[in-house]
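Respectively, the protein sequence lines represent chains A and B.
Take the first sequence: its letters are residues 1425 to 2403, numbered as in my numbering.
Take the second sequence: its letters are residues 9 to 122, numbered as in my numbering.
The beta carbon of each residue, even a glycine, is placed where N, CA and C say it ideally should be.
Just so it is clear, the structure is predicted and the values come from calculations on it, not from any experiment.
Below is one structure; the comments refer to it alone.
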Amino acid sequence: MPDAFLLAALVGLPFIGAVVAGLLPTGARNAAAGLSGAIALACVALVWTAYPAVSAGEVMRAEFAWMPSLGLNLVLRMDGLAWLFAAMVTGIGALVVLYARYYMSPEDPVPRFFAFLLAFMGSMTGVVVSGNLVQLAFFWELTSLFSFLLIGYWHHTEAARDGARMALTVTATGGLALFAGVLVLGHIVGSYDLDAVLGAGDRIRDHPLYVPALVLVLLGALTKSAQFPFHFWLPHAMAAPTPVSAYLHSATLVKAGVFLMVRLWPVLAGTDAWSLIVGTAGLITLLLGGYVAIFQNDLKGLLAYSTISHLGLITLLLGLNSELALVAAVFHVLNHAAFKASLFMAVGIIDHETGTRDIRRLSGLNRSMPFTARLALVAAAAMAGVPLLNGFLSKEMFFAEALSAEAQLPGLLNLLPFAATVAGVFSVAYALRFIHGAFVGPDPVDLPRQPHEPAAWMRLPVEILVLTCIIVGLLPAATVGPFLAFAVRSVLGEDVPAYSLAVWHGFNLPLLMSLIALAGGVLLYVRLQRRLREGPEGAPLLRRLDARQAFERTMVFLSWRLARRLERLAGTRRLQPQLRLIVGVAIIAGGSAVWLRGFGPGNLMPSSVDPVLALIWMVGGACALGAAWQAKYHRLAALALLGGVGLVVCVTFVWFSAPDLALTQITVEVMTTVLLLLGLRWLPQRSPAPMEVGVLPRARRLRDLGIAVGAGGGLAALSYAVMTRTPPDLLARDFLERAYTEGGGTNVVNVILVDFRGFDTLGEIFVVAAVALTTYALLRRFRPAAESVEIPEQQRELAAASAAGPSIAEGHANGWLIVPSTLVRLLFPVMLVVAVFLLLRGHDLPGGGFSAGMVVAIAILLQYMIGGTTWTEDRLRLRPRRWIGGGLLIAVGTGLAALPFGRPFLTSYFAYADLPILGTLPLASALAFDIGVFALVVGATLLMLTALAHQSVRGHRAAARRPTAAPARAEVLIPAGES
Amino acid sequence: MELVVSLAIGVLTGSGIWLLLRSRTFQVIIGLSLLSYAVNLFIFSTGGLRTGAAAILARGQPGTLGEFTDPVPQALVLTAIVIGFATTALLLVVLLAARGLTGTDQVDGREREG
């Protein structure tokens, strides 16, 4: 089997299985378990297939291109260490699946459980076979995520939710630190590839960034492996279903941290900083975990703290900077996985069959479940380090290392043998408590369920694991020897120090320490009997030290108090400060660019000033300043001045050879002005009050004036600088060359809009359509404020007339505005012809869909203004929404029409047609697109205008219905949807 | 000529921003309109100011930058004018609705205390 396929399948299969399991119906317990079992067994088989190559010292490698430009590839790599961990992950995974099938209640949504479990298995395999550090960090975070989902599986209980959240917060934060550390390592080495990094050990250790990288990576590893001071999440993760604890919190997840430390051992270890951090954390965890474990009343809590302690032991071994200690650490990882997983499963059985895990309530289970009791006894003995079991072997190695370690920490070293013995005493004591408390003694009373042996299949995984403990304990060299050998070789290279896996090493100091630990443990347990039975839960002296509370307090501070304080400090709900901030940032950004890069004269000589344009702009500038001056109290004047500015801008466009812009600007100008005029009537009246202006408002105004002058001056300087430099012409040259030859039009601006950048225009008309519809929707639910304008005399007369008789209800019949209305009506067809003309010639001459649409809209608007809403709508059937929809359909349809011809979306086609009378006409498919734009602009503009116009009709109608109310104060709220 | 146009842009920007920082909705709308004139002119001016240059190609010939104006800023500004119109309309309606709902035309929907 090719390496690539094998490795990809090993990582991919569990994820595929997870998706399939997740799609199974909620009650499909057997199907989900069967699927997961099959996948886990397949993975075990895959790992076994890799055995011959890996045991020969080969490194299997598969590379898939991911981001080659960044030198990042998806690399899967399996050497001895990865193989060992992969075997552990998949093997114990298979056993846990079998166990979980019988453990999980049919009422739970079991397929989801198996989906998470498989996904976790995939992520964990991903961690161990990653050949790329970034990828490793990715899978690392995936394990955090899926462990969160698994711990929180019973999300209806608060403990599960809190435990899951805490585990995720701690381990995922560690994962982020790891990611940062990995980036630093990659920066030092110049590659994220594991082989490259492993080959650069000296370079990394000598680099000034070594310590930061080390601290960051270790933050990841120590949080994951629940090392002091991050150990507190593990006991709370015990809210998970027991199969999860057996899998994640004994064999796999928590071993990921250890795995990482072993993986990077050749690169990071061997320095004082390493042994100081890793060794200290390991030592404290070892003692603390063992001590607290003795006083746990919950069986799972006891196992959790014991796991913390054993992980501390492994970490301490790694921190000793000795190759033999590394061998012992890897060996203990395996042993611990075997006995701890089986102990967790035994606790699960007890919990499952009796309904409680409280040591104080349990007793004498030896009689009701003898098999389970014996299995647990053996596993607990292995945990305590009783001879002839696997735990004894690695513990002996640990003692030997504790005696002979050569780290540069003399104080720590003298302490080490004693600390190791004390830890041994603790582990004997809590193992005794586990066995004695649960299985020995009188028959239990008052249990939720009558205890009995579990189903044979549920016990099978425990039996297998316990058997492993015994066989490894009896025949270590023959069973685990070869695996351990090539795993260690893959880390240390060929010069592995000599070590012996024999059971009997003769009478020596480590054996003596073991005996002391056994005797001391028994003694300690006997002495503690009373306190354990009657005292409060929790370890003496340490009960106050509640890491969980500190964690919660930190979380509350970060997520609530700090956030609130920052919001109060830096946030505001008021618009003006926000706008001021935006403008201020823009000014500072522009200013700092000038500050940093300087502000020199351009390379072009400014052209001479034309007095006419200067004069025009003097008017324009005056209009702008006047608008700014008058906008508060004289809105109409400000609006007129704004229109003046628009006209001046329009003239400027003409002046500088941009006819299309001028055309669009002037039509838009008309529309904007009318819209704003329509809106004026709902704004409150305001007259200049000759108030005394206080100091504060005056200061505010001065500040705003400063900002305005600064921004204006800045933009003026910027544009002057831009204009006196040669403009870049890359795009322009291209468009000019291809507009006629490829786009079939001589009006380059129009060709750009409907052809070269047609997709942009399509997006733009969608925006315009959305805006029009939003306007319409807002106004339908709109509650108009009191109108501030009185109804004009004409309309009042008109209303009176229409009340008198429908025949004279037409505006002009009353004698108002007869000349303009006649003219406007006569102009209507003319304007439509102009619009069509503009539309058709747009591809070649100034014009196009936008301006043509605006002209039509203006033509109709004029009818509204002269004839009034009712009169116009009686005669013209406007359906703005259909125009919008039709326009969008035509535009999109034109784009799609290119697809059947095998061209990309919006490819245009063109030809010229010779028509009688009209002459030669450009007939590009872009014209159809432009027609779409045209229809949309007509529809959108009309929709906005009529929606606003109807508001006042509604208001007047409501006023008319309430004769008592003065007509000018139509404060009736119209029910939505009317008009 | 560049001086005139850049001064014009400056005056429009200054007036626009002054109005933008005022407290009444109508002032803000007028300010935004002025500001969009300024920005449109600025974008337009990045193509260089050319008096009397041809805007339309002769049929059958590819154009060169020597004889023609730069069409790219023009296309950008044309789009900006239309979008600016749409957003002004939307802003107007939103402000009118806010005025109907809150009873004031202060930008925050309530009169400043004190």
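Next item on the list: Note down, in chain order, each residue of its chain lying with its Cβ closer than 7 Å to the Cβ of residue 1494(A), except the 5 sequence neighbours on either side.
Entry: Within the same chain, residue 1494(A) has no close Cβ partners at all.
Notebook entry, point to check: Quick one, which residues of the stretch 40–66 of chain B are near chain A if we go by CB-CB under 8 Å, in chain order?
Noted result: Within the stretch 40–66 of chain B, the residues whose Cβ lies closer than 8 Å to some Cβ of chain A are 41, 42, 45, 46, 48, 49, 50, 52, 53, 54, 55, 56, 57, 58, 59, 60, 61, 62, 63, 64, 65, 66, listed in chain order.
Checklist line | chain B contact residues for residue 1984(A), given Cβ-Cβ distances below 7 Å | finding: Result: empty, since nearest Cβ-Cβ is about 26 Å, beyond 7 Å.
Check: Got a sec? Which residues, its chain only, sit under 6 Å from residue 52(B) by beta carbon, not counting five neighbours each side?
Finding: Excluding positions up to five away in sequence, the list reads 81, 85.
Next item on the list: Entirely within the stretch 1987–2030 of chain A and at least 4 residues each: give me those alpha helix (DSSP H) ranges in chain order.
Entry: If only complete runs of 4 or more residues are kept, the stretch 1987–2030 of chain A shows the alpha helix (DSSP H) at 1999–2021, in order along the chain.
Item checked: Inter-residue Cα distance where the pair is residue 2265(A) and residue 2348(A) -> CA-CA distance, residue 2265(A) to residue 2348(A), rounds to 11 Å.
Margin query: Whether or not the stretch 1674–1691 of chain A and the stretch 1994–2001 of chain A are in contact is what I'm after, with contact meaning three or more pairs of Cβ atoms, one per stretch, closer than 8 Å; do they touch?
Written below: They do not touch, by the three-pair rule.
Margin query: My assumption, with CB atoms under 8 Å, is that residue 1861(A) sits in contact with residue 1774(A). Please give the rounded CB distance.
Written below: With a Cβ gap of about 11 Å, residue 1861(A) and residue 1774(A) do not count as contacting.
Margin query: When you compare the stretch 2360–2370 of chain A with the stretch 2289–2306 of chain A, are there three or more beta-carbon pairs, one atom per stretch, that lie closer than 8 Å?
Written below: Cβ pair count under 8 Å is three or more, so yes.
Item checked: Among 1737(A), 1588(A), 1491(A), 1517(A), nearest to residue 1616(A) - alpha-carbon criterion -> The shortest C-alpha separation from residue 1616(A) is found at 1491(A).
Check: So what does residue 1499(A) bridge to, in DSSP terms?
Finding: BP columns for residue 1499(A) point to 1487(A).
Notebook entry, point to check: Under 7 Å, do residue 1778(A) and residue 1913(A) count as touching if we go by C-beta distance?
Noted result: The answer is no: Cβ separation not under 7 Å.
Notebook entry, point to check: With 16 other CB atoms within 10 Å as the buried threshold, where does residue 2019(A) fall?
Noted result: Counting every other CB atom within 10 Å of its CB across the protein chains shown gives residue 2019(A) a total below 16, marking it as exposed.
Note to self: What would DSSP say about residue 1783(A), mapped onto helix, strand or coil?
What the structure shows: The three-state reading of DSSP puts residue 1783(A) in coil, since its state is none of H, G, I, E or B.
Check: Touching or not, the stretch 1530–1543 of chain A and the stretch 1436–1449 of chain A, by the rule of three or more beta carbon pairs under 8 Å?
Finding: As far as the Cβ criterion goes, the stretch 1530–1543 of chain A touches the stretch 1436–1449 of chain A, which means the pair count is three or higher.
Notebook entry, point to check: For residue 1601(A), which residues of its own chain have a beta-carbon under 6 Å away from its beta-carbon, when the five flanking residues on both sides are left out?
Noted result: For residue 1601(A), where only same-chain residues beyond five positions count, the Cβ hits under 6 Å are 1640, 1643, 1644.
Margin query: Against chain B, with Cβ distances strictly below 7 Å, would residue 2016(A) count as a contact?
Written below: No, because no Cβ of chain B sits closer than 7 Å to the Cβ of residue 2016(A).
Check: So is residue 1509(A) buried or exposed if we call it buried at 16+ other beta carbons inside 10 Å?
Finding: By the Cβ-count criterion, residue 1509(A) is buried, with 16 or more other Cβ atoms from all chains shown falling within 10 Å of its own Cβ.
Notebook entry, point to check: Would you call residue 2292(A) buried or exposed, if buried means 16 or more other Cβ atoms sit within 10 Å of its Cβ?
Noted result: That one is buried.
Checklist line | Segment contact flag, the stretch 1737–1745 of chain A with the stretch 1701–1718 of chain A, C-beta cutoff 8 Å, min 3 pairs | finding: Enough Cβ pairs lie closer than 8 Å, so yes.
Next item on the list: Determine, using beta-carbon pairs with one atom in the stretch 1799–1815 of chain A and one in the stretch 1906–1923 of chain A, whether at least three such pairs fall under 8 Å.
Entry: With a cut-off of 8 Å on Cβ pairs, the stretch 1799–1815 of chain A is not in contact with the stretch 1906–1923 of chain A, counting fewer than three such pairs.
Next item on the list: For residue 1415(A), return the contacting residues in chain B, with the cut-off set at a CB-CB distance below 8 Å.
Entry: The structure shown has nothing for residue 1415(A), since chain A only spans 1425 to 2403.
Check: Which bits of chain B does residue 2131(A) rub up against, with CB to CB less than 7 Å?
Finding: Here the neighbours are 25, 29.
Next item on the list: Answer yes or no: does any C-beta atom of chain B fall closer than 7 Å to that of residue 2378(A)?
Entry: By this cut-off, residue 2378(A) is not an interface position.
Margin query: Beta-carbon within less than 7 Å of residue 2100(A)'s beta-carbon, same chain only, minus the 5 sequence neighbours each way: which residues are those?
Written below: Taking C-beta separations shorter than 7 Å and ignoring five residues to either side along the sequence, the partners of residue 2100(A) in its chain run 2063, following chain order.
Margin query: Which same chain residues end up closer than 6 Å to residue 2044(A) when comparing Cβ atoms and leaving out the 5 residues on each side of it in sequence?
Written below: The answer, listed in chain order, is 2069, 2072.
Item checked: Same chain only: Cβ atoms within 7 Å of residue 1781(A), ignoring 5 sequence neighbours per side -> Residues of the same chain with a CB within less than 7 Å of the CB of residue 1781(A), apart from the 5 flanking positions on each side, are 1722, 1723, 1724, 1771, 1774, 1775 in chain order.
Notebook entry, point to check: Leaving out the 5 sequence neighbours to the left and right, which residues in its chain are closer than 6 Å to residue 1945(A) when beta-carbon positions are compared?
Noted result: Answer for residue 1945(A): 1849, 1852, 1853, listed in chain order.
Notebook entry, point to check: With a cut-off of 7 Å, does the C-beta of residue 2353(A) fall near any C-beta of chain B?
Noted result: With a threshold of 7 Å between beta carbons, residue 2353(A) makes no contact with chain B.
Check: Where DSSP assigns a beta bridge to residue 62(B), which residues make up the other side?
Finding: For residue 62(B), which the question treats as bridged, DSSP gives the partners 76(B).
Check: Just curious, the alpha helix (DSSP H) that residue 1632(A) is in, first and last residue?
Finding: Careful: residue 1632(A) lies outside any alpha helix (DSSP H) and carries neither H nor E.
Check: With a cut-off of 7 Å, does the C-beta of residue 2235(A) fall near any C-beta of chain B?
Finding: Interpretation of residue 2235(A) is limited by its pLDDT of 48, a score under 50 that renders its predicted location unreliable; the figure taken from the coordinates is listed afterwards. For residue 2235(A), no Cβ of chain B is located within less than 7 Å of the residue's own Cβ.
Next item on the list: Compare the Cα-Cα distances from residue 2075(A) to each of 2066(A), 2090(A), 2065(A) and report the closest residue.
Entry: The residue with the shortest Cα to Cα distance from residue 2075(A) is 2090(A).
Checklist line | DSSP three-state assignment for residue 1554(A), whether helix, strand or coil | finding: Three-state DSSP puts residue 1554(A) in a strand.
Note to self: So with CB distances below 8 Å, who are the chain B contacts of residue 2315(A)?
What the structure shows: Within chain B, no residue comes near residue 2315(A); the closest Cβ sits about 14 Å away, beyond 8 Å.
Next item on the list: Using a Cβ-Cβ cut-off of 7 Å, state whether residue 2427(A) counts as contacting chain B.
Entry: What the structure shows of chain A is the stretch from 1425 to 2403, and residue 2427(A) is not part of that stretch, so it cannot be assessed.
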